[in-house]
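Notes follow the structure.
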Amino acid sequence: MSLTRVDMPDAHGHFGRFGGQFVPETLMPALEELAAAYEQARQDPSFDEEFRYYLKQYVGRPSPLYFAERLTRQLGGARIYLKREDLNHTGAHKINNTIGQALLAKRMGKRRVIAETGAGQHGVATATVAAMFNMQCVVYMGEEDIRRQELNVFRMRLLGADVAPVTSGSRTLKDAMNEAIRDWVTNVRTTYYLLGTVGGPHPYPMLVRDFQTVIGVEARAQILEQEGRLPDCIVACVGGGSNSIGIFHPFLDDPVRLIGVEAAGHGIETGKHAATLSAGQVGVLHGALSYLLQDENGQVLEAHSISAGLDYPGVGPEHSYLKDSGRAEYVAVTDDEALEAFQLLTHTEGILPALESAHAVAYAAKLAPTMDGDKIMIINISGRGDKDVPSISEARGKRSEAGESLMKT
Amino acid sequence: MIEKQASAGTRIDRERVVDAGFRSETAATGSGNRIDAVFDRLRLKGRKGLIAYITAGDPGYEATADLVLAMERAGADLIELGVPFSDPMADGPVIQQASMRALAGGTTPAGILGLVRCLRRQTQVPLLLMTYYNPVLHYGLAAFAADAAAAGVDGLIVPDLPVEESGPLLTELQQHRVYLIPFAAPTSTPERLARAGQLAQGFIYCVSLTGVTGAREGLPPGIEEFMQRVRVCTDRPLAIGFGIASPVQAALMSKLGDAVIVGSAIVSLVEQYAAEREMMLQQVSALVGSLKQAISQVD
Ligand SMILES: Cc1ncc(COP(=O)(O)O)c(C=O)c1O
Numbered sequence: 028m029s030l031t032r033v034d035m036p037d038a039h040g041h042f043g044r045f046g047g048q049f050v051p052e053t054l055m056p057a058l059e060e061l062a063a064a065y066e067q068a069r070q071d072p073s074f075d076e077e078f079r080y081y082l083k084q085y086v087g088r089p090s091p092l093y094f095a096e097r098l099t100r101q102l103g104g105a106r107i108y109l110k111r112e113d114l115n116h117t118g119a120h121k122i123n124n125t126i127g128q129a130l131l132a133k134r135m136g137k138r139r140v141i142a143e144t145g146a147g148q149h150g151v152a153t154a155t156v157a158a159m160f161n162m163q164c165v166v167y168m169g170e171e172d173i174r175r176q177e178l179n180v181f182r183m184r185l186l187g188a189d190v191a192p193v194t195s196g197s198r199t200l201k202d203a204m205n206e207a208i209r210d211w212v213t214n215v216r217t218t219y220y221l222l223g224t225v226g227g228p229h230p231y232p233m234l235v236r237d238f239q240t241v242i243g244v245e246a247r248a249q250i251l252e253q254e255g256r257l258p259d260c261i262v263a264c265v266g267g268g269s270n271s272i273g274i275f276h277p278f279l280d281d282p283v284r285l286i287g288v289e290a291a292g293h294g295i296e297t298g299k300h301a302a303t304l305s306a307g308q309v310g311v312l313h314g315a316l317s318y319l320l321q322d323e324n325g326q327v328l329e330a331h332s333i334s335a336g337l338d339y340p341g342v343g344p345e346h347s348y349l350k351d352s353g354r355a356e357y358v359a360v361t362d363d364e365a366l367e368a369f370q371l372l373t374h375t376e377g378i379l380p381a382l383e384s385a386h387a388v389a390y391a392a393k394l395a396p397t398m399d400g401d402k403i404m405i406i407n408i409s410g411r412g413d414k415d416v417p418s419i420s421e422a423r424g425k426r427s428e429a430g431e432s433l434m435k436t
Numbered sequence: 676m677i678e679k680q681a682s683a684g685t686r687i688d689r690e691r692v693v694d695a696g697f698r699s700e701t702a703a704t705g706s707g708n709r710i711d712a713v714f715d716r717l718r719l720k721g722r723k724g725l726i727a728y729i730t731a732g733d734p735g736y737e738a739t740a741d742l743v744l745a746m747e748r749a750g751a752d753l754i755e756l757g758v759p760f761s762d763p764m765a766d767g768p769v770i771q772q773a774s775m776r777a778l779a780g781g782t783t784p785a786g787i788l789g790l791v792r793c794l795r796r797q798t799q800v801p802l803l804l805m806t807y808y809n810p811v812l813h814y815g816l817a818a819f820a821a822d823a824a825a826a827g828v829d830g831l832i833v834p835d836l837p838v839e840e841s842g843p844l845l846t847e848l849q850q851h852r853v854y855l856i857p858f859a860a861p862t863s864t865p866e867r868l869a870r871a872g873q874l875a876q877g878f879i880y881c882v883s884l885t886g887v888t889g890a891r892e893g894l895p896p897g898i899e900e901f902m903q904r905v906r907v908c909t910d911r912p913l914a915i916g917f918g919i920a921s922p923v924q925a926a927l928m929s930k931l932g933d934a935v936i937v938g939s940a941i942v943s944l945v946e947q948y949a950a951e952r953e954m955m956l957q958q959v960s961a962l963v964g965s966l967k968q969a970i971s972q973v974d
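Listed in order, the protein sequences are those of chains H and A. First residue of the first sequence: 28, per my numbering; consecutive thereafter. First residue of the second sequence: 676, per my numbering; consecutive thereafter.
In structure tokens:
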């Protein structure tokens, strides 16, 4: 693979009217420095070489593109392939980005990295590369997420990271990001902010995308090899949007339907959801202009999702652009649908998807039966579900109290 | 509601046009903006200015109005009203919590503009709104500029809006002679400082340290050198803010600039005495008075 040069964004990070750099002046020089360092790295073949080396030897890439035969049969429609990002070292696609950015931090001579995390997957992936590259690491995490993702908190601490609980606001990912930005403003000269998704100010949406496009580049080559043709559609979950942009991007110029699946939480009509593109309005949060969940006064709303990694009221600006331009479609599935899909994939394929990825599976399970048997669908399994086992058993407990059963597959 | 962002090229051209436009307007005194009038008066008297910040709506609009009038009487030369935002990424804990209290109390941008309208019947002190960009964007840039001007707002301070992104708002504000105050930070490159210096309306907000708002002790390292770097870039007044809490600090800092900005230290008193209005006004007045006295005694 290579870091593809694309014509988006422009020099200040605009994807059409979206994106940009809405940050305090103190950080602007740091963003300029980062953009320059990245530009230089992109032109340096040894950077790409080193990146590829770690992806292969450390992450275990390429991740398989697996034909899900039983799932395909059970759903009775399109032939379904799973892009297995869950098999990466640390269990999710997040490591692709943290390897890339850690290499960049190293080039820039920064020995302290900070990160925000929701599900803890990005935090674990950051703590992991910090251990490997011998960097000091602080991970900001909302108290609510610390409760939901105990296992990942423990993993980060084992890896030597300092997990800083965030008690402001909704105590989830957006507040963790506020706190990470505050740390960065304070320690900007010595610290590298290792942002975990394709959000935030330019150049993050661009560079995180570029590091994650390895998913789509591989998937494209793999499907061509296995099926001799491109897929008809690709389905991926959207939190901030990094795994989805990573798999979509190399297919942008192909006749392939791209479908992003957001978290509808309790249902969009209840207001308790995280479906930013489906139900938000354009606004500015965390440095970028994009769709945003906000109230009538422009205050950011708390998102809701059973999946901590999707529980974010914003979304990366390139997705807003892809939505408005019509190139990608965005849909939403509820907590309950995601839980059912978790069960479905576990029972049919013996694969525990992350609750985030289960959202993609849930929509795929609705769509596949409407497609002919000669059609091809790829679902991005962005991560594995081990971290979610406690939340799932909690949710199942609640459901069986309510007299329902999750075991209906 | 939101300005369609043109390509980078067009945006830069627009900034140039805007830049040329207001420089000619403010080059001479008598711009009609209260901020210029106050800084002109201070300069003539050889005095330093005190800019006091409180979060609007904490603990209620009426208290905010009382505080503005009390702070003016106690010696504040300009007053900043914080528009509370759900995600105040440039603020430390004190202002974060004040913002949450104000939002919980139902404070809105429209309500704050109403408050300013009422205050304008009683005072001519320059009033600036310190607001994150999203509430303004959501209100509508043109509508906000028009309503702010009509209410009697003199300037906007938008901490998450660097010059690169400020074109659309600047265009609207300029039509109403409301200023957009630029920032200078210790990390700003010479090119960035030069640009801020050229674009500056009213004054330049010099962030004394790399960090968020909040009281600190002593003087930040490198502050003198930083202020000198800003000074050579502009003939506009320089106001220093972030971390200034005590009269001693204010006195030292005021030597380096034309005004000092004090926020969290005042907001802490508002929080502490929220339940006793008279006591709150007395305490805040006493702090503002001692800050003003401290910066006035500079030789
Ligand atoms: C496994 C997994 N998938 C998806 C996401 C959502 O992030 P993004 O939309 O950036 O891929 C996360 C975030 O934590 C995650 O851990």
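Yeah, the Cβ is synthetic: ideal placement off N, Cα and C, and Gly gets one too.
- Message: On the criterion of 16 or more Cβ atoms from any shown chain inside 10 Å, does Pro-837 (chain A) qualify as buried, or is it exposed?
- Response: By the neighbour-count criterion, in which a residue is buried when 16 or more other Cβ atoms sit within 10 angstroms of its Cβ, Pro-837 (chain A) is buried.
- Query: Do Leu-379 (chain H) and ligand 1 come close, with the Cβ less than 7 Å from some heavy atom?
  - Reply: No, the beta carbon of Leu-379 (chain H) sits no closer than 7 Å to any heavy atom of ligand 1.
- Message: Please confirm whether Pro-895 (chain A) has its beta-carbon closer than 8 Å to some beta-carbon of chain H.
- Response: Residue-level contact check: Pro-895 (chain A) does not touch chain H, since none of the beta carbons of chain H fall below 8 Å from its beta carbon.
- Item | Proximity winner among H:Gly-227, H:Glu-376 and H:Thr-240, relative to Ile-122 (chain H) (alpha-carbon distances) | Looking at H:Gly-227, H:Glu-376 and H:Thr-240, the one whose alpha-carbon comes closest to that of Ile-122 (chain H) is H:Thr-240.
- Would you call Val-217 (chain H) buried or exposed, if buried means 16 or more other Cβ atoms sit within 10 Å of its Cβ? Reading off the sequence shown, one finds Thr at residue 217 (chain H), where the question assumed Val. When all chains shown are included, Thr-217 (chain H) counts as exposed.
- Sequence ranges, alpha helix (DSSP H) only - wholly within the segment 365-417 of chain H, length at least 4: You should have 382-394.
- Which of helix, strand or coil DSSP assigns to Ile-856 (chain A): Ile-856 (chain A) falls in the coil class under three-state DSSP.
- Item | The beta strand (DSSP E) enclosing Val-166 (chain H), as first and last residue numbers | Counting along the chain, the beta strand (DSSP E) containing Val-166 (chain H) begins and ends at 163-169.
- For the alpha helix (DSSP H) containing Lys-133 (chain H), list its first residue and its last residue. Looking at the DSSP string, the run of the alpha helix (DSSP H) that includes Lys-133 (chain H) is 121-134.
- Message: Looking at Lys-414 (chain H): is its Cβ nearer than 8 Å to the Cβ of Gly-147 (chain H)?
- Response: Here Lys-414 (chain H) is near Gly-147 (chain H), since their CB atoms are less than 8 Å apart.
- Message: Are the CB atoms of Cys-164 (chain H) and Asp-202 (chain H) within a distance shorter than 8 Å?
- Response: No, they are not a contact pair.
- Whether Asp-113 (chain H) touches Gly-336 (chain H) by CB criterion (8 Å): It is not a contact, given that the beta carbons lie outside the stated cut-off.
- What is the DSSP secondary structure of Phe-878 (chain A), reduced to helix, strand or coil? Correct three-state label for Phe-878 (chain A): coil.
- Message: Only counting the same chain, and skipping five residues up and downstream in sequence, which positions put a Cβ closer than 8 Å to that of Ile-286 (chain H)?
- Response: The answer, listed in chain order, is Cys-260, Ile-261, Val-262, Ala-263, Ala-355, Glu-356, Tyr-357, Val-358, Tyr-390 and Leu-394.
- Query: Taking 8 Å as the CB-CB cut-off, is Glu-840 (chain A) touching chain H?
  - Reply: Cβ-Cβ to chain H under 8 Å: yes for Glu-840 (chain A).
- Message: I'd like the list of long-range same chain contacts for Gly-696 (chain A), defined as Cβ closer than 7 Å, with 5 residues on each side in sequence excluded.
- Response: Because Gly-696 (chain A) sits at a pLDDT of 36, beneath the cut-off of 50, its placement in the model cannot be relied upon, and the following sentence gives the value as read from the coordinates. Gln-849.
- ligand 1 heavy atoms versus the CB of Leu-337 (chain H): any closer than 7 Å? The answer is yes for Leu-337 (chain H).
- So who's on the other strand from Tyr-93 (chain H), going by DSSP bridges? Tyr-93 (chain H) is bridged to H:Leu-109.
- Query: Roughly how many angstroms lie between the CA atoms of Pro-768 (chain A) and Asn-214 (chain H), to the nearest whole one?
  - Reply: Distance between the alpha carbons of Pro-768 (chain A) and Asn-214 (chain H) is about 17 Å.
- Task: Express the C-alpha separation of Ala-387 (chain H) and Ser-863 (chain A) in angstroms, rounding to a whole number.
- Result: Distance between the alpha carbons of Ser-863 (chain A) and Ala-387 (chain H): 43 Å.
- Beta-carbon proximity check, Ala-969 (chain A) vs Val-923 (chain A), cutoff 8 Å: For Ala-969 (chain A) and Val-923 (chain A), yes; Cβs fall inside 8 Å.
- Item | Boundaries of the beta strand (DSSP E) in which Met-141 (chain H) is found, first to last residue | The residue you asked about is not Met; residue 141 (chain H) is Ile in the sequence shown. Start and end: 139-144.
- Message: Using a Cβ-Cβ distance cut-off of 8 Å, determine whether Ser-195 (chain H) contacts chain A.
- Response: Ser-195 (chain H) counts as touching chain A.
- Query: Are the segment 144-158 of chain H and the segment 170-181 of chain H touching by the rule of at least three beta carbon pairs closer than 8 Å?
  - Reply: Taking 8 Å as the limit for Cβ pairs, the verdict is that the segment 170-181 of chain H does touch the segment 144-158 of chain H.
- Item | Chain-order list of residues whose beta-carbon lies under 8 Å from that of Met-434 (chain H) (same chain, five-residue window excluded) | Residue confidence for Met-434 (chain H) is low, a pLDDT of 48 falling below 50, so the modelled location carries little weight and cannot support an answer.
- Cβ of Gly-267 (chain H) versus every heavy atom of ligand 1: is any distance shorter than 7 Å? Yes.
- Message: With three or more beta-carbon pairs closer than 8 Å as the criterion, would you say the segment 708-727 of chain A touches the segment 933-950 of chain A?
- Response: Taking a cut-off of 8 Å on C-beta distances, the segment 708-727 of chain A touches the segment 933-950 of chain A, as three or more cross pairs fall below it.
- Are there three or more Cβ pairs, one per stretch, closer than 8 Å when the segment 67-77 of chain H is compared with the segment 326-344 of chain H? No, the segment 67-77 of chain H does not touch the segment 326-344 of chain H.
- In the DSSP assignment, find the unbroken alpha helix (DSSP H) run with Glu-345 (chain H) in it and report its ends. Annotation: the continuous alpha helix (DSSP H) that includes Glu-345 (chain H) extends over 344-352.
- Message: Does the distance between the C-beta of Ala-391 (chain H) and the nearest non-hydrogen atom of ligand 1 fall short of 7 Å?
- Response: Because no heavy atom of ligand 1 lies under 7 Å away, the Cβ of Ala-391 (chain H) does not count as near it: no.
- Message: Counting only C-beta atoms, is Phe-901 (chain A) closer than 8 Å to chain H at any point?
- Response: No, no contact with chain H.
- Query: Apart from the five residues on each side of it in sequence, which residues of its chain come closer than 6 Å, Cβ to Cβ, to Gly-127 (chain H)?
  - Reply: Excluding positions up to five away in sequence, the list reads Phe-78 and Phe-238.
- How about Ser-334 (chain H) and Leu-372 (chain H): are their beta carbons less than 8 Å apart? In this structure, Ser-334 (chain H) sits away from Leu-372 (chain H), with a CB-CB distance that is not shorter than 8 Å.
- Message: Excluding the 5 residues flanking Ser-699 (chain A) on each side, which residues of the same chain have their C-beta closer than 7 Å to its C-beta?
- Response: Because the pLDDT at Ser-699 (chain A) is just 36, under 50, the model does not fix this residue reliably, and the point stays unresolved.
- Would you call the CB atoms of Val-959 (chain A) and Ala-745 (chain A) closer than 8 Å? Contact flag set, yes.
- Query: Is Cys-264 (chain H) helix, strand or coil when you go by DSSP?
  - Reply: Cys-264 (chain H) falls in the strand class under three-state DSSP.
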